[in-house]
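> Okay, here's the structure, questions in a sec.
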Amino acid sequence: MASGQFVLTVLMGIFLVGVAVFLSRVEDWRSYTPAVGGSGGYGEDTGHTHQEKPSGVIRWLTTVDHKDIGLLYGTYGVIAFAVGGIMAFLIRMQLLVPEGLILGNEFYNSIMTSHGITMLFLFGTPILAAFSNYFIPLLIGADDMAFPRINAIAFWLLPPGAILIWAGFFAAPLTGNAIEPAQTSWVMYTPLSAEQVNPGVDLMLLGLHLTGISATMGAINFIATIFTERDDDVTWANLDIFSWTVLTQSALILFAFPLLGSAIVMLLLDRNFDTVFFAVEGGGPMLWQHLFWFFGHPEVYILVLPPMGLVSLILPKFAGRKLFGFKFVVYSTLAIGVLSFGVWAHHMFSTGMDPRLQASFMAVSLAIAVPSAVKTFNWITTMWNGRVRLTTPMLFCIGFVSNFIIGGVTGVFLASVPVDQVLHDTYYVVGHFHYVVMGAIGFAVFAGIYYWFPIFTGRMYQRKLGKWHFWLSMVGTNITFFAMLFLGYLGMPRRYATYEFNETIAPLTLDTLAHQAASVGAVILLIGQLIFVWNIVQSWLEGPRVHDGDPWDLKETDQHGREFQWHERRIETAITDGGVASDASDTSSEPRSDGGEPEEGEAVTDGGENTDVATDGGHPDEDEPASADD
1 MASGQFVLTV
11 LMGIFLVGVA
21 VFLSRVEDWR
31 SYTPAVGGSG
41 GYGEDTGHTH
51 QEKPSGVIRW
61 LTTVDHKDIG
71 LLYGTYGVIA
81 FAVGGIMAFL
91 IRMQLLVPEG
101 LILGNEFYNS
111 IMTSHGITML
121 FLFGTPILAA
131 FSNYFIPLLI
141 GADDMAFPRI
151 NAIAFWLLPP
161 GAILIWAGFF
171 AAPLTGNAIE
181 PAQTSWVMYT
191 PLSAEQVNPG
201 VDLMLLGLHL
211 TGISATMGAI
221 NFIATIFTER
231 DDDVTWANLD
241 IFSWTVLTQS
251 ALILFAFPLL
261 GSAIVMLLLD
271 RNFDTVFFAV
281 EGGGPMLWQH
291 LFWFFGHPEV
301 YILVLPPMGL
311 VSLILPKFAG
321 RKLFGFKFVV
331 YSTLAIGVLS
341 FGVWAHHMFS
351 TGMDPRLQAS
361 FMAVSLAIAV
371 PSAVKTFNWI
381 TTMWNGRVRL
391 TTPMLFCIGF
401 VSNFIIGGVT
411 GVFLASVPVD
421 QVLHDTYYVV
431 GHFHYVVMGA
441 IGFAVFAGIY
451 YWFPIFTGRM
461 YQRKLGKWHF
471 WLSMVGTNIT
481 FFAMLFLGYL
491 GMPRRYATYE
501 FNETIAPLTL
511 DTLAHQAASV
521 GAVILLIGQL
531 IFVWNIVQSW
541 LEGPRVHDGD
551 PWDLKETDQH
561 GREFQWHERR
571 IETAITDGGV
581 ASDASDTSSE
591 PRSDGGEPEE
601 GEAVTDGGEN
611 TDVATDGGHP
621 DEDEPASADD
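The numbering of the sequence shown is the working numbering, which starts it at 1 and goes up by one.
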């Protein structure tokens, strides 16, 4: 078995070398086609020219345009979200009854492990990178990312990473269960992860390593872009809040992900070469927990900071006023970035840690709630006495604030040592974490998708379906995860495939009722996400075309952002040049060498006035403002 694992490791190394050799053959990816025989792309000029992209699959495989790569990240993230969501639904169906009739214990452990890793590493980070790639250059007036090729490489490391992470599910029936899905949980605690004889664990670790390399390359690119590619009139004082949060996130990634990568390498060495990094006679199993959580808790803020930026950017647009306390929101973002590295050990209060260390980590964990509270109060104050328009993006922003308050307050209790001793490793932790991940991060992602939908598709989504998506998601989220908080108070341990136990030990009837409530909430959530997928796909293909560079009527409140200004110039230039409406996927087919001016003859997204996009008088609760001639 050890030799087989060694062979897998060698094959993975050969694959990475092959990728490096291929990339070395590409002289100029800005030409949007691979070089043949060492020559440049299209034409004789090997400089950074912006010639027409190839069509079809070749375009997407060779593009280095930040907008195309943003769409690739987004598609990848939505697919991962669907896979992780199906896994979550299976978990909830398994726990519908105490006996757990749907999944076996081992398969349940595999699904639970892959669900966590999928949502955090394959959905969370990539979907945020989608927004960052597409819109940061537009927001700062750059023509592209600082390193377009690195940008492309960073994305194309993700699909093989996902294949390796999920490989056990495909390989198990083909190998007679010689290779099975990992059953380590997403935290991969040693000694279980070190001693589990299963090549699927090695494949998962290699896949995680690829995703970590991808995230690190992307972080370097975002930092370089924001520092060096800003337009002359974009200063640190007027840099948009989303770019600030992505900049801070990127700094956290640079410090956190390499540490995880190092820990994964050590774990692979322990598994395959009998080293003792995490063995009792060596570094000890606790070393893994320290290394993992030094990455793991900053990872929470790596995932939540850009959504905070999205809400800080979008919410004022529909509140009719500027973001209250902009500087304090920026300062709180930087404070979270610094403090996030001093709280990791609150995950380890039950490990026998010295009480003096417990007190220090408790203090820092409580302190990090302060900058989060600053943001929350600023969002609420921005809405106070504002001219609030309840569009779908705004509803998701309000849902974000509501769920984040619940997720944040429940986290404060876990930062307290005596409370954590009681609630540690119960479903209370699961409920708290999912209020943040799904209730906050997921809602901010949906807000961003709906808000920028007219830009990256040139069309408008179905407003009623968007609001149905919100309300089903809001109701489902709170039913599911509040039930988990209740289960935690009942003492229900997490990571259990069944909960059939004696009534004298725990209230089995209440546990069952709470699990069933959580499962009902999961069904409601599933219905909401099916509506979301249908709405996005159908609207992208057949939705009413946007005929206005200001689809949200933001000029009235002087909040017409740079990305919509770019969108407006694209439409106006195309009309002047006699262009005609194009499909949504073609709205960004040409890169901008000057930060936003379209190339001659570029297609537009306007097919004339569409009454489905305009509202019936511009009521505040409508998704689209009334047009000027209404």
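Built from N, CA and C at the ideal position, the CB exists for glycine as well. As the structure is a computational prediction, the values presented were derived from the model and not from experiment.
Starting from D202, trace the alpha helix (DSSP H) both ways and give me its first and last residue.
P199 to T228 is the span of the alpha helix (DSSP H), which, as asked, contains D202.
> Rounded to whole angstroms, how far is the Cβ of F123 from the Cβ of G74, which I believe are closer than 8 Å?
That belief does not hold up - the Cβ atoms of F123 and G74 are roughly 11 Å apart, past 8 Å.
> Helix, strand or coil: which one does DSSP assign to P493?
P493: strand per DSSP, three-state reduction.
> Taking the straight line between their C-alpha atoms, what separation do you get for F255 and I136?
About 22 Å.
> With a 10 Å radius around its C-beta and 16 neighbouring C-beta atoms as the bar for buried, classify G104 as buried or exposed.
So G104 ends up on the exposed side.
> Around the Cβ of F242, are there at least 16 other Cβ atoms within 10 angstroms (buried) or fewer (exposed)?
Answer is buried; the Cβ neighbour count reaches 16.
> Kindly indicate which residue of I86, L414 and G439 has the alpha-carbon position closest to the one of Y634.
Residue 634 is absent from the structure shown; the chain starts at 1 and stops at 630.
> From the DSSP output, in three-state form, read off T426 for me.
T426: strand per DSSP, three-state reduction.
> Among the candidates H434, W452 and G458, whose CA atom is the shortest distance from the CA of L485?
The shortest C-alpha separation from L485 is found at H434.
> Smallest Cα separation from G116: which of G85, H297 and S262?
Cα-wise, what sits closest to G116 is G85.
> From L541 to D144, what distance separates their C-alpha atoms?
Straight-line Cα distance between these residues: approximately 27 Å.
> Using the rule of at least 16 other Cβ atoms within 10 Å of the residue's Cβ for burial, across every protein chain shown, is T228 buried or exposed?
Exposed, because fewer than 16 other Cβ atoms sit within 10 Å of the Cβ of T228.
> Contact between the region 275-289 and the region 374-383: three or more CB pairs below 8 Å?
Contact fails: fewer than three Cβ-Cβ distances are below 8 Å.
> For my contact list, L252 and G337 are in at a C-beta cut-off of 8 Å; report their separation, rounded to the angstrom.
Between G337 and L252 the Cβ distance is about 6 Å, and since that is below 8 Å, they are a contact.
> For R387, which three-state DSSP category applies?
If DSSP states are grouped into helix, strand and coil, R387 belongs with coil.
> Considering Cα atoms alone, identify which of S250, L487, V475 and L395 is closest to I449.
Per the Cα distances, L395.
> Can you have a look at F292 and say buried or exposed, based on whether 16 or more other CB atoms are within 10 angstroms of its CB?
Flag for F292 reads buried.
> Do you know how far the Cα of L128 is from the Cα of I531?
Distance between the alpha carbons of I531 and L128 is about 21 Å.
> Just tell me which of L269, L305, W384 and P544 has its CA closest to the CA of F318.
Selected option, being the one with the closest Cα: W384.
> Cβ atoms of F155 and L208: under 8 Å apart, would you say?
Cβ distance not < 8 Å, so L208 and F155 don't count as in contact.
> Using the Cα positions of Q538 and M362, report the straight-line distance between them to the nearest angstrom.
Answer to the nearest angstrom: the Cα atoms are 49 Å apart.
> Less than 7 Å between C-beta atoms, sequence neighbours within five positions excluded: which residues of the same chain meet that for L334?
So the list reads T248, once near-sequence residues are dropped.
> Output the distance between the C-alpha atoms of T504 and V520, rounded to the nearest integer angstrom.
The straight-line gap from Cα to Cα measures roughly 27 Å.
> Under the three-state reduction of DSSP, which class applies to R321: helix, strand or coil?
Correct three-state label for R321: coil.
> Would you give the residue range spanned by the alpha helix (DSSP H) that K555 belongs to?
Per DSSP, K555 belongs to no alpha helix (DSSP H) and is neither H nor E.
> Suppose you measure from the CA of Y451 to the CA of V64; what does that come to, to the nearest Å?
Between Y451 and V64, the C-alpha separation is close to 24 Å.
> Given a cut-off of 8 Å on the beta-carbon distance, is the pair N535 and G466 in contact?
It is a contact, given that the beta carbons lie within the stated cut-off.
> What does the alpha-carbon distance come out to for the pair H560 and L554?
H560 and L554: Cα-Cα distance of roughly 5 Å.
> Looking only at its chain, what residues have a beta carbon closer than 6 Å to the beta carbon of F295, apart from the 5 residues adjacent to it on each side?
Contacts found: A256, L259 and L260.
> Are the beta-carbon atoms belonging to I165 and V304 less than 8 Å from one another?
No, Cβ-Cβ distance for I165 and V304 is not below 8 Å.
> According to the neighbour-count rule (16 or more other Cβ atoms, all chains shown, within 10 Å of its Cβ), is Q421 buried or exposed?
Exposed.
> In chain order, which alpha helix (DSSP H) runs of at least 4 residues are fully inside the region 221-283?
Listed in chain order, the complete alpha helix (DSSP H) runs (minimum 4 residues) inside the region 221-283 are 241-273.
> Can you check whether the CB of N109 is closer than 8 Å to the CB of A497?
Their beta carbons are under 8 Å apart, which means A497 touches N109 by this criterion.
> Out of L96, E299 and L138, state which residue places its alpha-carbon closest to the alpha-carbon of V437.
V437 has its Cα closest to that of E299, out of L96, E299 and L138.
> Buried or exposed: which applies to F278, given that a residue is buried once 16 or more other Cβ atoms fall within 10 Å of its Cβ?
It counts as buried.
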